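Colleague: Mind looking over this structure? Questions follow.
2 protein chains.
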Amino acid sequence: MLADTSAIDAGELRIDGARLLRRLDELAEIGAIEGTQGCSRLALTDEDAAGRALLATWMRDLGLTVIVDAIGNTVGVLGSDSVQGAVLTGSHIDTVATGGRFDGNLGVLAGLEVLETVIDHGVRPGRPLAVGFFTNEEGARFAPDMLGSLVYAGGLQIERALQSVAIDGAVLGDELDRIGWRGAAPVPGIAPHAFVECHIEQGPVLEAEGITIGAVTGVQGISWTKLTLTGQSNHAGTTPMSHRRDAGYVAVRIAGFVRDVVDEIGPPQVGTVGRIELYPNLVNVVAARATLTVDVRNTDDAVLTDVEGRIAEFAAGAAAGEGVELATEVLARFVPVAFDPAVIDLVEHVAEQLGHTTMRLPAGAGHDAQMLARICPAGMVFVPSVDGISHNPAEHTDPADIEAGVNVLLHAMLRLAEVGRVEERAP
Amino acid sequence: MLADTSAIDAGELRIDGARLLRRLDELAEIGAIEGTQGCSRLALTDEDAAGRALLATWMRDLGLTVIVDAIGNTVGVLGSDSVQGAVLTGSHIDTVATGGRFDGNLGVLAGLEVLETVIDHGVRPGRPLAVGFFTNEEGARFAPDMLGSLVYAGGLQIERALQSVAIDGAVLGDELDRIGWRGAAPVPGIAPHAFVECHIEQGPVLEAEGITIGAVTGVQGISWTKLTLTGQSNHAGTTPMSHRRDAGYVAVRIAGFVRDVVDEIGPPQVGTVGRIELYPNLVNVVAARATLTVDVRNTDDAVLTDVEGRIAEFAAGAAAGEGVELATEVLARFVPVAFDPAVIDLVEHVAEQLGHTTMRLPAGAGHDAQMLARICPAGMVFVPSVDGISHNPAEHTDPADIEAGVNVLLHAMLRLAEVGRVEERAP
Numbered sequence: 001m002l003a004d005t006s007a008i009d010a011g012e013l014r015i016d017g018a019r020l021l022r023r024l025d026e027l028a029e030i031g032a033i034e035g036t037q038g039c040s041r042l043a044l045t046d047e048d049a050a051g052r053a054l055l056a057t058w059m060r061d062l063g064l065t066v067i068v069d070a071i072g073n074t075v076g077v078l079g080s081d082s083v084q085g086a087v088l089t090g091s092h093i094d095t096v097a098t099g100g101r102f103d104g105n106l107g108v109l110a111g112l113e114v115l116e117t118v119i120d121h122g123v124r125p126g127r128p129l130a131v132g133f134f135t136n137e138e139g140a141r142f143a144p145d146m147l148g149s150l151v152y153a154g155g156l157q158i159e160r161a162l163q164s165v166a167i168d169g170a171v172l173g174d175e176l177d178r179i180g181w182r183g184a185a186p187v188p189g190i191a192p193h194a195f196v197e198c199h200i201e202q203g204p205v206l207e208a209e210g211i212t213i214g215a216v217t218g219v220q221g222i223s224w225t226k227l228t229l230t231g232q233s234n235h236a237g238t239t240p241m242s243h244r245r246d247a248g249y250v251a252v253r254i255a256g257f258v259r260d261v262v263d264e265i266g267p268p269q270v271g272t273v274g275r276i277e278l279y280p281n282l283v284n285v286v287a288a289r290a291t292l293t294v295d296v297r298n299t300d301d302a303v304l305t306d307v308e309g310r311i312a313e314f315a316a317g318a319a320a321g322e323g324v325e326l327a328t329e330v331l332a333r334f335v336p337v338a339f340d341p342a343v344i345d346l347v348e349h350v351a352e353q354l355g356h357t358t359m360r361l362p363a364g365a366g367h368d369a370q371m372l373a374r375i376c377p378a379g380m381v382f383v384p385s386v387d388g389i390s391h392n393p394a395e396h397t398d399p400a401d402i403e404a405g406v407n408v409l410l411h412a413m414l415r416l417a418e419v420g421r422v423e424e425r426a427p
Numbered sequence: 428m429l430a431d432t433s434a435i436d437a438g439e440l441r442i443d444g445a446r447l448l449r450r451l452d453e454l455a456e457i458g459a460i461e462g463t464q465g466c467s468r469l470a471l472t473d474e475d476a477a478g479r480a481l482l483a484t485w486m487r488d489l490g491l492t493v494i495v496d497a498i499g500n501t502v503g504v505l506g507s508d509s510v511q512g513a514v515l516t517g518s519h520i521d522t523v524a525t526g527g528r529f530d531g532n533l534g535v536l537a538g539l540e541v542l543e544t545v546i547d548h549g550v551r552p553g554r555p556l557a558v559g560f561f562t563n564e565e566g567a568r569f570a571p572d573m574l575g576s577l578v579y580a581g582g583l584q585i586e587r588a589l590q591s592v593a594i595d596g597a598v599l600g601d602e603l604d605r606i607g608w609r610g611a612a613p614v615p616g617i618a619p620h621a622f623v624e625c626h627i628e629q630g631p632v633l634e635a636e637g638i639t640i641g642a643v644t645g646v647q648g649i650s651w652t653k654l655t656l657t658g659q660s661n662h663a664g665t666t667p668m669s670h671r672r673d674a675g676y677v678a679v680r681i682a683g684f685v686r687d688v689v690d691e692i693g694p695p696q697v698g699t700v701g702r703i704e705l706y707p708n709l710v711n712v713v714a715a716r717a718t719l720t721v722d723v724r725n726t727d728d729a730v731l732t733d734v735e736g737r738i739a740e741f742a743a744g745a746a747a748g749e750g751v752e753l754a755t756e757v758l759a760r761f762v763p764v765a766f767d768p769a770v771i772d773l774v775e776h777v778a779e780q781l782g783h784t785t786m787r788l789p790a791g792a793g794h795d796a797q798m799l800a801r802i803c804p805a806g807m808v809f810v811p812s813v814d815g816i817s818h819n820p821a822e823h824t825d826p827a828d829i830e831a832g833v834n835v836l837l838h839a840m841l842r843l844a845e846v847g848r849v850e851e852r853a854p
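In the order they appear, the protein sequences are chains A and B.
Counting from 1, one number per residue, gives the positions in the first sequence under the working numbering.
Counting from 428, one number per residue, gives the positions in the second sequence under the working numbering.
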């Protein structure tokens, strides 16, 4: 059924790290943030279109069958004209406005490098191999985040996804047409045999522990809420404190409470108020309106639900105490995801076989793999982030760690492609 | 020396309330905020220029000598070609971006109405009477607030004032030239005999107490500070709380503390954080930078200084605790002003003579009168603000209260104009 994968399993086949780094550099030139190593390539912008074109060219140069679906997700398949039965890898190439060059991009180019390595060495796996990139993973331009992979997995109707309105007012379907990336393949997409994604950790754990490879156990549950407070604008000098209905004051109390409750619960609970806006936002005017977002995450959905409830209760009380009206909008809510135990075992096993240090850890951020986990066995390979920095132009991962991670991806994919069921290959 | 002011003192002379309201309506049409009673007439904009032109026309129609100084302050004098020895009234016609129609405008049009009443009845006071409007009182476009009257009183060099940069990037001197209101009269200006300003209270005290006329005892000290916090942007899902340098978190803690310290001290201390900005201001990114403004005011300068110190100490501690850098910029600092005791007595006495309820109270906001108080005996007449609302299109004062206040201004100015020294007429 296979050519010489037993020899490969012994550890001889390796990716070309320099070639991968060259592709990372070339892709990072599109939307490069001047004077930094970072990238600004928001979903479905002209920069995203240029990145997509480059990826499609590379896929075709390798002889892959390129499939674009109705939401712009793009997959290149080796050894078939369909994802049916394939071992799929991939990630996303959209970035946040002040992003790095590795987040998402590494996972897509890692997959391309795995496929090129397989082709170069004349390896013929028992299953098709495929690499894809999914539309609007970051959620920095359109909501929700992980939109493309969510549509692929059948978790969001294409009609609703196409109507998503960007922070700049554009409609997703219009933007998809404008850049010419509304494809013919139907969604939901075909469930692959398995899905493995290589990604930077975006956190400090692997670096702090001195570990090269993370076998990702799952993804935290994510809750995003937007709170809008409506009080009354008034003069900051002449209005006694007892007469105020200060929307800004209630906003800062809620934001402070988010940290209080997170500290009380302790790790792995995290909570962030990343966005606050006051109106009219003047030094000497009591704010009439305030908006803030609350981002809370936990691997335990029961704890996360409790945290949401406590914040909602505090917000209601703080607003009532100041005579301010409170409106709440859920922007995103994803329950925690547990990856396939056999895929987690496989990543850990391959890492050990290749001589790398490894540990299991949950992902703090959302990833396309968590959406694919709805329709097939899925898992992830993490590599360390220097200083844990991500969503920042200073985001960095050492070349040696990148090479290690993509070699783990290569061998994990080959193992998955060798046999009919993942479980049969678990150690 | 006078015509028949003793008869007038007995209470017979009255302003024409309907004429004053017509002028308030006409001026409010310039920069009107559609669908509201409010005005948007930022200093030295085209709207301000149109308002100035209307005022100058009205002054000339009454036969006043119109004097424009080097910062655009404009005074109309009755019975002289100079402010020398005159009893001056006035205020400002610039507004905040979402302003009402009474703040400032009432004081200028009240003065015009007083002079027209005096002219109509053939009264010949022993001193010139004058009405003026001062440039950029609000501070909503250029800093500092009360800029024109501060220059008039010699508290700010004209060269520095002309270089003030607007929130929209324009330079004050350029804007003054553009709208044609850089006048020939030198600054600092001539000290008048006395200054009395009629103004809406902009707070809820008179209404709550059921009082028509406020005899203003002075103006609170004002302290405006801008705090800039610099931390590190990072991923909201993958960064453990212990690794964060969240500038937004420190900002909300400082803003919350401002209310804590104000509540602990109690009235008349007030404190406001009206402006907060985060960067990059995204739901899932820990804020790298945050700015906030702190506006604290008190009639007692020692208490105000103590409050400033406590906030500064808290801010430094909160920033250090989060590993965030703190930079502080003083935007404005005015010590409390006590008005002339004889002018306060006079306002109270005239209000009683005219049959109005009256009380003494400090002003919560800054006013041009506090700058004129540096160079002559000064005071203010307050009328009630409905629901205490100001700096808001819904700002309102009942016509009967306006008429009462301007009649008090009329008789206070006549008393001041009768005699050589204010003190001689105090009850």
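Backbone N, C-alpha and C fix where the C-beta goes; we use that ideal spot for every residue, glycine too.
All values reported here derive from a predicted model rather than from experimental measurement.
#1: Check the Cβ of tryptophan 181 of chain A against every Cβ in chain B and list those closer than 7 Å, keeping chain order.
#2: Which ranges does the beta strand (DSSP E) cover as unbroken runs of at least 3 residues, wholly within the segment 468-522 of chain B, from first to last along the chain?
#3: Can you give the beta carbon distance from valine 545 of chain B to proline 552 of chain B, rounded, assuming they're within the 8 Å contact cut?
#4: Checking the sheet assignment: what are the DSSP bridge partners for serine 164 of chain A?
#5: Taking 8 Å as the CB-CB limit, is aspartate 485 of chain B close to chain A?
#6: Starting from leucine 603 of chain B, follow its DSSP beta bridges and name the residues at the other end.
#7: Does the beta carbon of arginine 374 of chain A sit closer than 8 Å to a beta carbon anywhere in chain B?
#8: Does the Cβ of glutamate 159 of chain A have 16 or more other Cβ atoms within 10 Å, making it buried, or fewer, making it exposed?
#9: Fully enclosed by the segment 757-845 of chain B, which beta strand (DSSP E) runs are 3 residues long or longer?
#10: With distances taken Cα to Cα, identify the nearest neighbour of alanine 184 of chain A among A:Leu44, A:Asp306 and A:Asp69.
#11: Interface residues of chain B around aspartate 295 of chain A at Cβ under 8 Å?
#12: Please report whether the beta-carbon of valine 270 of chain A lies at a distance below 8 Å from any beta-carbon of chain B.
#13: First and last residue of the alpha helix (DSSP H) that includes glutamate 749 of chain B?
#14: In terms of DSSP beta bridges, what is valine 273 of chain A paired with?
#15: So, for alanine 316 of chain A: in the same chain, excluding its five sequence neighbours on each side, which residues have a beta-carbon less than 8 Å away from its beta-carbon?
#16: Please tell me whether alanine 140 of chain A has its Cβ less than 8 Å away from any Cβ of chain B.
#17: In the DSSP assignment, the alpha helix (DSSP H) including phenylalanine 684 of chain B goes from what residue to what residue?
#18: Return yes when at least one heavy atom of the ligand GDP lies under 7 Å from the C-beta of alanine 251 of chain A, else no.
#19: If the criterion is Cβ atoms closer than 8 Å, does the pair isoleucine 802 of chain B and alanine 618 of chain B meet it?
#20: Pull up the distance between the alpha-carbon of proline 427 of chain A and that of glycine 379 of chain A, whole angstroms please.
#21: Look up histidine 670 of chain B in the DSSP assignment and give the residues it is bridged to.
#22: Which residues does DSSP pair with aspartate 295 of chain A in a beta bridge?
#23: Which residues in chain B have a C-beta closer than 9 Å to the C-beta of glutamine 202 of chain A? List them in chain order.
#24: In chain order, which beta strand (DSSP E) runs of at least 3 residues are fully inside the segment 531-588 of chain B?
#25: Using the C-alpha atoms, what's the distance from proline 341 of chain A back to alanine 663 of chain B?
#26: According to a CB-to-CB cut-off of less than 8 Å, which residues of the segment 759-781 of chain B neighbour chain A?
#27: Proline 240 of chain A and proline 615 of chain B - do their beta-carbons sit closer together than 8 Å?
#28: Isoleucine 222 of chain A versus chain B: which residues are under 8 Å apart at the beta carbon?
#29: By the three-class DSSP mapping on this structure, what secondary structure does glycine 17 of chain A have?
#30: Rounded to whole angstroms, what's the CA-CA distance from glycine 637 of chain B to alanine 778 of chain B? Just pull it up for me.
#31: How would you call aspartate 473 of chain B, buried or exposed, if buried means at least 16 neighbouring beta carbons within 10 angstroms?
#32: For leucine 20 of chain A and valine 406 of chain A, which I take to be in contact (beta-carbon distance under 8 Å), what is that distance rounded to the nearest angstrom?
#33: Just verifying my parser: in three-state terms, what is the DSSP assignment at glutamate 624 of chain B?
#34: Note the first and the last residue of the continuous beta strand (DSSP E) segment covering valine 205 of chain A.
#35: Kindly indicate which residue of A:Glu29, A:Ile30, A:Thr135 and A:Thr212 has the alpha-carbon position closest to the one of isoleucine 402 of chain A.
#36: Classify aspartate 530 of chain B as buried or exposed, calling it buried when 16 or more other Cβ atoms lie within 10 Å of its own Cβ.
Modeller: Short version:
#1: None at all; the shortest Cβ gap to chain B is about 24 Å.
#2: 492-495, 501-505 and 514-518
#3: 7 Å
#4: Answer is none; serine 164 of chain A lacks a bridge partner.
#5: At residue 485 of chain B the sequence reads tryptophan, which differs from the aspartate that was named. No, because no Cβ of chain A sits closer than 8 Å to the Cβ of tryptophan 485 of chain B.
#6: BP columns for leucine 603 of chain B are empty, so no partner.
#7: no
#8: exposed
#9: 785-790 and 805-810
#10: A:Asp69
#11: Ala663, Gly664, Val710 and Asn711
#12: yes
#13: 728-749
#14: Its beta-bridge partners do not exist; DSSP assigns none.
#15: Leu326
#16: yes
#17: 674-692
#18: Looking for the ligand GDP in the displayed structure turns up nothing, as the structure carries no ligands at all.
#19: yes
#20: Because proline 427 of chain A carries a pLDDT of 35, less than 50, the predicted location of this residue cannot be relied on, and no value is offered for it.
#21: Paired residues: none, contrary to the question.
#22: A:Trp224 and A:Thr272
#23: Asn661, His662, Gly664, Thr665 and Thr666
#24: 556-560
#25: 27 Å
#26: none
#27: no
#28: Gly664
#29: helix
#30: 14 Å
#31: exposed
#32: 6 Å
#33: strand
#34: Per DSSP, valine 205 of chain A belongs to no beta strand (DSSP E); it is in the alpha helix (DSSP H), 205-209.
#35: A:Thr212
#36: buried
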